[in-house]
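**Q** Numbered according to our numbering, the sequence shown terminates at residue 428, and the numbering increases by one at each position without gaps.
Yeah, the Cβ is synthetic: ideal placement off N, Cα and C, and Gly gets one too.
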Amino acid sequence: MSQTLIKNIGLLVTNNSEIDGTSLGLIEKAALLIEHGKVKWVGASESAPSAEKVIDASGKCVIPGFVDSHNHLIFAGDRSNEFAARMNGQKYEAGGIAYTVELTRKASDSDLLSNARRLQHEALHSGTTTIEIKSGYGLTVKDEARSLSIAKQLTDETTFLGAHVVPSEFKGKADDYVDLVCGQMLTEVKSHTKWIDVFCDRGAFTTEQARKVLKAGIAAGLLPRLHANQLEQGDGIALGVELDAASVDHVSHFNNSDIEKLAKSKTVATLLPGAEFSTRSNYPDARKLIDAGVTVALAADCNPGSSYTTNMPLMIALAVREMFMTPAQALWSATKGGAQALRRTDVGHLSVGANADFVILKESSYIHLAYRPGVNLIDEVWQHGAKI
Ligand SMILES: [Zn+2]
Numbered sequence: 041m042s043q044t045l046i047k048n049i050g051l052l053v054t055n056n057s058e059i060d061g062t063s064l065g066l067i068e069k070a071a072l073l074i075e076h077g078k079v080k081w082v083g084a085s086e087s088a089p090s091a092e093k094v095i096d097a098s099g100k101c102v103i104p105g106f107v108d109s110h111n112h113l114i115f116a117g118d119r120s121n122e123f124a125a126r127m128n129g130q131k132y133e134a135g136g137i138a139y140t141v142e143l144t145r146k147a148s149d150s151d152l153l154s155n156a157r158r159l160q161h162e163a164l165h166s167g168t169t170t171i172e173i174k175s176g177y178g179l180t181v182k183d184e185a186r187s188l189s190i191a192k193q194l195t196d197e198t199t200f201l202g203a204h205v206v207p208s209e210f211k212g213k214a215d216d217y218v219d220l221v222c223g224q225m226l227t228e229v230k231s232h233t234k235w236i237d238v239f240c241d242r243g244a245f246t247t248e249q250a251r252k253v254l255k256a257g258i259a260a261g262l263l264p265r266l267h268a269n270q271l272e273q274g275d276g277i278a279l280g281v282e283l284d285a286a287s288v289d290h291v292s293h294f295n296n297s298d299i300e301k302l303a304k305s306k307t308v309a310t311l312l313p314g315a316e317f318s319t320r321s322n323y324p325d326a327r328k329l330i331d332a333g334v335t336v337a338l339a340a341d342c343n344p345g346s347s348y349t350t351n352m353p354l355m356i357a358l359a360v361r362e363m364f365m366t367p368a369q370a371l372w373s374a375t376k377g378g379a380q381a382l383r384r385t386d387v388g389h390l391s392v393g394a395n396a397d398f399v400i401l402k403e404s405s406y407i408h409l410a411y412r413p414g415v416n417l418i419d420e421v422w423q424h425g426a427k428i
């Protein structure tokens, strides 16, 4: 029986609150035993069981691997010129997606796969051991189906986002496009996807259209999540709670009624600080949500338009600096919060039985993730009990 013991961990973050009564479940001078890709034992290093293979963490901090629950990795080309224009004063609108759609439709399957694989590799090496990937740049039956079959090769957390924007060939006929998404497109993609998603916002889909898309997905056996309230205050958060969505994502605008609804529900608010950063928009106040009892997750939202990064440590630094989260809250949201946003109990924590997905940092504390922004603090990444 192959066991590996990680010993001499300066600070272990388990995210098991039963350990110390805090959400991070911290153990100082800890050890972690792994077997068959799972956590077998956690506790004080001095009382650790013996194992065939022993790794000395040299007093460094070990955290659960990041669970990044919101990414758009199936696309071609980039939009660096649009970014430069925006930094020069142009406002962000949802319309830039059309340019990526055009390039994605023209790209070969192998080009789309290798680009997504490159980004997944980048994410993994910055500590992301679970990643969600959406479609949404195909917007035809054929292109959405192939986007999801490519995504499925990379992760189990695949999301159908046929309702990303109305494609140009359906200009002025948004309801007809919604019918296509809910009909033939959904039928063709459903075997490749766990989730159904919709962009419910100005310039994308109305609340009624979004409700129709999500309900069609639910009827087909998919689980709902949605993009809501990125560009303006709307009814997307309320819709998410109404349909028991696992998560409402962006949540850049919200009112007291939204906070109340979220706090009473199982729906997670997934904040995407990379989007505010890259569109030079106002950040939401995460502290306000957390204080009201809302479960908050952080995700990278990697996409070529509004957040072209896979780096979860950067999301933590931005959430602490710009969204008023504490370093502990931000780390929890980037790990266990992300797992809850994907309705997963096997990742995002390091309790006995969890997947042995973890990161050995170069520093002795997780606080450094926010305290040393932009510095690569990832020493080792372990996934399913093996060092990558
Ligand atoms: Zn998104």
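1. So does Phe210 have its beta carbon nearer than 8 Å to some heavy atom of ligand 1?
2. Please report the straight-line C-alpha distance between Ala91 and Leu113, rounded to a whole angstrom.
3. Between which two residues does the alpha helix (DSSP H) harbouring Thr54 extend?
4. Just to confirm my understanding: we take Pro344, look at its own chain, exclude 5 residues before and 5 after, and list those with CB closer than 6 Å. What are they?
5. Between which two residues does the alpha helix (DSSP H) holding Gln380 run?
6. For Leu401, which residues in the same chain have their Cβ closer than 8 Å to its Cβ, ignoring the five residues on either side in sequence?
7. Between Leu153 and the rest of its own chain, which residues show a CB-CB distance below 7 Å, the 5 nearest in sequence each way excluded?
8. So the beta strand (DSSP E) Val336 belongs to, where does it begin and stop?
9. Near Asp284, which residues of its chain fall below 8 Å by C-beta distance, leaving aside the five closest residues on each side in sequence?
10. Could you check what DSSP says for Lys93 in three-state terms: helix, strand or coil?
11. Closer than 7 Å by C-beta to Ala259: which residues in its own chain qualify, once you throw out the five before and the five after it? Chain order, please.
12. Got a sec: does ligand 1 put a non-hydrogen atom nearer than 8 Å to the Cβ of Asn351?
13. Which of helix, strand or coil does DSSP assign to Pro353?
14. What's the C-alpha gap between Thr233 and Pro324?
15. Since Thr375 and Asn55 are thought to touch, with beta carbons under 8 Å apart, how far apart are those beta carbons, to the nearest angstrom?
16. Do Met225 and Val181 come within 9 Å of each other at the CB atom, strictly closer than that value?
17. Straight-line CA distance for Leu271 to Ser318?
18. Which residue or residues does DSSP assign as beta-bridge partners of Pro264?
19. Look at the alpha carbon of Asp219 and the alpha carbon of Leu179, and state the distance between them as a whole number of angstroms.
20. Straight-line CA distance for Ala340 to Thr62?
21. If you reduce the DSSP assignment to three classes, tell me which class Gly223 lands in.
22. For ligand 1, I want to know if Lys174 counts as a neighbour, meaning its beta carbon is within less than 8 Å of at least one of the ligand's heavy atoms.
23. Taking the alpha helix (DSSP H) that Ala256 belongs to, which residues open and close that run?
24. Buried or exposed for His267, please, with buried defined as at least 16 other CB atoms from any protein chain shown within 10 angstroms of its CB.
25. Taking 8 Å as the line, does the beta carbon of Leu312 fall inside it for any heavy atom of ligand 1?
26. Can the beta-carbon of Ile95 be found closer than 9 Å to that of Gly83?
27. Would you kindly check if the distance between the Cβ of Met365 and the Cβ of Arg412 is under 9 Å?
28. Considering only C-alpha positions, which residue in the set Val107, Ser98, Asn322, Trp372 is nearest to Gln160?
29. Cα-Cα, which of Thr335, Arg320, Gly378, Gly243 is closest to Asn128?
30. Beta-carbon separation of Gly388 and Gln380 under 9 Å?
31. Which residues does DSSP list as the beta-bridge partners of Ser287?
32. Counting along the chain, where does the alpha helix (DSSP H) carrying Ile137 start and finish?
33. Report, in whole angstroms, the separation of the C-beta atoms of Ser109 and Leu358, which I expect to be a contact under 8 Å.
34. Write down the C-beta distance between Thr144 and Asp183 rounded to the nearest angstrom, noting that I regard them as a contact closer than 8 Å.
35. Please report the straight-line C-alpha distance between Gln423 and Ala214, rounded to a whole angstrom.
36. Would Val334 be called buried (16 or more neighbouring beta carbons within 10 Å of its own) or exposed?
**A** Well, looking at it:
1. In this structure, ligand 1 has no non-hydrogen atom nearer than 8 Å to the beta-carbon of Phe210.
2. The alpha-carbon atoms of Ala91 and Leu113 are separated by roughly 39 Å.
3. Note, Thr54: premise wrong, no alpha helix (DSSP H); not H, not E.
4. Hits under 6 Å: Phe115, Asp118, Arg119, Thr140.
5. Its alpha helix (DSSP H) spans residues 378-381.
6. Its chain contains Lys100, Cys101, Val102, Ile103, His408, Leu409, Leu417, Ile418, Asp419 as the residues whose beta carbon lies nearer than 8 Å to that of Leu401, once the 5 sequence neighbours on both sides are disregarded; these appear in chain order.
7. The residues are Ile190, Gln193.
8. Here the beta strand (DSSP E) through Val336 covers 336-338.
9. Only Pro264, Ser305, Lys306, Thr307 meet the Cβ criterion.
10. It is a strand residue.
11. Residues of the same chain with their beta carbon placed closer than 7 Å to that of Ala259 are lacking, with the five preceding and five following residues left out of the count.
12. Because no heavy atom of ligand 1 lies under 8 Å away, the Cβ of Asn351 does not count as near it: no.
13. The answer is helix: DSSP assigns Pro353 an H, G or I state.
14. Whole-angstrom Cα-Cα distance: 30 Å.
15. In this structure, Thr375 and Asn55 form a Cβ contact; the two beta carbons are roughly 6 Å apart against a cut-off of 8 Å.
16. Cβ distance < 9 Å, so Val181 and Met225 count as in contact.
17. The alpha-carbon atoms of Leu271 and Ser318 are separated by roughly 14 Å.
18. Beta-bridge pairing links Pro264 to Ile236.
19. If I take the Cα positions, the gap works out to 13 Å.
20. Those two C-alpha atoms are separated by around 25 Å.
21. Three-state DSSP puts Gly223 in a helix.
22. Yes, ligand 1 has a heavy atom inside 8 Å of this Cβ.
23. Ala256 -> alpha helix (DSSP H) spans 247-259.
24. Buried.
25. True, at least one ligand heavy atom lies under 8 Å from that Cβ.
26. The answer is no: Cβ separation not under 9 Å.
27. Against a cut-off of 9 Å, the Cβ pair of Met365 and Arg412 comes out as no contact.
28. With distances taken between CA atoms, Gln160 lies nearest to Val107 out of Val107, Ser98, Asn322, Trp372.
29. Nearest of Thr335, Arg320, Gly378, Gly243 to Asn128, Cα basis: Arg320.
30. Taking 9 Å as the Cβ cut-off, Gly388 and Gln380 qualify as a contacting pair.
31. Paired residues: Val308.
32. Note, Ile137: alpha helix (DSSP H), 137-146.
33. With 8 Å as the limit, Ser109 and Leu358 do not qualify as a contact, their Cβ atoms being about 16 Å apart.
34. Between the beta-carbon of Thr144 and that of Asp183 there is about 7 Å, and that keeps the pair under the 8 Å contact cut.
35. Each residue's alpha carbon lies about 42 Å from the other.
36. Here Val334 is buried: its Cβ has 16 or more other Cβ atoms, across all protein chains shown, within 10 Å.
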